[in-house]
Amino acid sequence: MPAAFPSALLSSGRSLTLRGAGHSVDGQTVTDGELLVTYAPDTAAAQIRDVGEGLIETPAGMSWYELERYLNRHARAFPVLTDYLHLSVGGTLSVGGIGSNSVRYGMQVDHVERIQLTDGTGASRWCSRTDHPELFRFALGGLGTVGLIERAVLRTVPYHSNSHVHRAQHAALNELVEHTERIAQREDVDIYFASQRGSMLRSTTGWSGSDLQRCGDENCAIVARLPFKMHHEVTRMATQPSDHVRLWTDYLVPAGQLAPMVAAVEALQHRAPLNRGLSALYILIVRRPSDPTQFAFAPVGTAPVSIGLGVYTWIDRDPAAIAATRQVFRDLLARCCELGGRPYLYGVNDIDDSLAERLYGTDLDQLAKLRSSHRLEHINAHLPLVKATVPT
Ligand SMILES: Cc1cc2nc3c(=O)[nH]c(=O)nc-3n(C[C@H](O)[C@H](O)[C@H](O)COP(=O)(O)OP(=O)(O)OC[C@H]3O[C@@H](n4cnc5c(N)ncnc54)[C@H](O)[C@@H]3O)c2cc1C
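Here the sequence shown stands for residues 62 to 453, where the numbers follow our numbering.
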């Protein structure tokens, strides 16, 4: 059935999987059954609407790349962009969305005013912090478990094409960790990301819209259109070798807990198959707004400031190597939970019922109630989060 009739498909009762651009990495959008693909940047672009007061309405099937270009042409920007932009608006809002500006602005879902959500009866309603607030809280970051996001109204900020950045190299991982924790304590930074690739340890700290002068810092640079530069770099690096699988995962721990999380990775990264397959560690800081919505399944729980540690591997297409990597990730996830953190659900995570209960508590019961009352049992039913709500 054409995606032009999503409500008919959603209300058909047939098993259905929702998909944006399909870039989540653990089979979230893989199915033998029916797939509803929303990603259609070309047709979506014509439907973007300025609804005033800095708010923009967009179809969920829009790509961030095209949406940000549109906004910039109108002297606006979205506060938080991912490093790779050919992702759908609905897809990243369904996982959370974090990026280099999260150090200032939190998650993408923190900047959603309202969403139009269609449930398993085909009924569509606008949800916000005040209208259907539970659906809003579960849909954003909720992997499509409470229905299809068809449209979103997003808050935007004034556009500044230049960023003032300080790039640093670090001699050792513990030095980078200390540097990151220091930045996490500051409230005057707009941009932060850091990585380890091989022996190269780098961080970038920045400010948007600062004046065009370089400051006295020897590592200072003025960069134009930073989000698009990052996108082109990541596009180059993220191309998948055909005989490998992409096993990526990110853990978000409260600020102050990065050192033990990194120590857990260090202890395992010399063990096969990570010793050959680890391509990068990636670090971001996420500062939530002062009155945050407690999204049920988003990667940041109640911590006001969190630090994300991405562990990105390319593993031989060999079942034993994949199983061994997943075991390493299970150990890392256990450590993340001990440290009060959460997994980022777009990634590779083995979450059994007891771990789901520990991570999400009574929100799992609430998810079961929402799925039952909105007739959603046939939608995204393959997800571990959903399976954890079904009594055995
Ligand atoms: C190269 C690369 C770089 C990345 N960089 C970042 C980054 O910097 N920051 C970051 O936060 N993430 C990053 N990610 C992860 C990315 O945000 C997620 O994979 C995201 O889900 C991708 O969007 P998508 O459109 O591909 O979603 P999909 O993979 O298609 O869907 C993700 C989930 O959302 C559900 N879903 C999709 N669309 C809808 C909808 N309209 N309504 C309801 N449910 C829906 C799906 O069922 C699925 O469960 C990156 C991924 C890749 C591959």
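Here a beta-carbon is modelled for each residue, glycine too, at the ideal position from N, C-alpha and C.
{"Query": "Nearest candidate by alpha-carbon position, reference Trp375, set Phe199, Pro302, Ala229", "Result": "Pro302"}
{"Query": "C-beta atoms of Val323 and Val372 nearer than 8 Å", "Result": "no"}
{"Query": "Proximity of Gly183 and Leu79 at Cβ, strictly below 8 Å", "Result": "no"}
{"Query": "At least three beta-carbon pairs within less than 8 Å, the stretch 377-386 to the stretch 303-313", "Result": "yes"}
{"Query": "Cut-off 6 Å between Cβ atoms - residues of its own chain near Gly402, not counting five sequence neighbours on either side", "Result": "Tyr312, Leu313, Val314"}
{"Query": "Test item: CB-CB of Ser269 and His221 under 8 Å", "Result": "yes"}
{"Query": "For Ile244 and Ala395, the rounded distance between their alpha carbons", "Result": "26 Å"}
{"Query": "Opposing strand residues paired with Ser76 [DSSP bridges]", "Result": "Ser76 is not bridged to any residue."}
{"Query": "Closer than 7 Å: His84 CB and nearest ligand 1 heavy atom", "Result": "yes"}
{"Query": "Within 8 Å, strictly: CB atoms of Ile159 and Val409", "Result": "no"}
{"Query": "Cut-off 7 Å between Cβ atoms - residues of its own chain near Ser433, not counting five sequence neighbours on either side", "Result": "none"}
{"Query": "Length of the line joining the Cα atoms of Ala233 and Gly317", "Result": "18 Å"}
{"Query": "Burial state of Asn336, where buried means 16 or more other Cβ atoms lie within 10 Å", "Result": "exposed"}
{"Query": "Of the residues Ala449, Val141, His231, the one placed nearest Pro288, counting alpha carbons only", "Result": "Val141"}
{"Query": "Cβ-heavy atom distance, Ile117 to ligand 1, below 7 Å", "Result": "no"}
{"Query": "Pairwise C-alpha distance: Ala82 and Val98", "Result": "8 Å"}
{"Query": "Buried versus exposed, by CB contacts within 10 Å (16 or more), Gln230", "Result": "exposed"}
{"Query": "Val173 Cβ short of 7 Å to ligand 1 heavy atom set", "Result": "no"}
{"Query": "Buried versus exposed call for Thr354 [16 or more other C-beta atoms within 10 Å across all chains shown]", "Result": "buried"}
{"Query": "Those residues which DSSP pairs with Ala341 across a bridge", "Result": "Tyr373"}
{"Query": "For Thr254, three-class secondary structure by DSSP", "Result": "The question names Thr, but residue 254 is Phe in the sequence shown. Residue state, collapsed to three classes: strand."}
{"Query": "Pick from His439, Leu406, Asp424, Gln330 that is closest to Ser85, judged by C-alpha positions", "Result": "Leu406"}
{"Query": "DSSP beta-bridge partners of Thr265", "Result": "Arg228, Phe254"}
{"Query": "Segment contact, 8 Å Cβ cut-off, at least three pairs: the stretch 250-264 with the stretch 210-217", "Result": "no"}
{"Query": "Asn441 versus Thr153: straight-line alpha-carbon distance, rounded", "Result": "16 Å"}
{"Query": "Arg337 beta carbon near ligand 1 (any heavy atom closer than 7 Å)", "Result": "no"}
{"Query": "Short Cβ contact (8 Å threshold) for Gly208 with Gly181", "Result": "yes"}
{"Query": "CA nearest to the CA of Arg286, picked from Thr265, Ser149, Ser224", "Result": "Ser224"}
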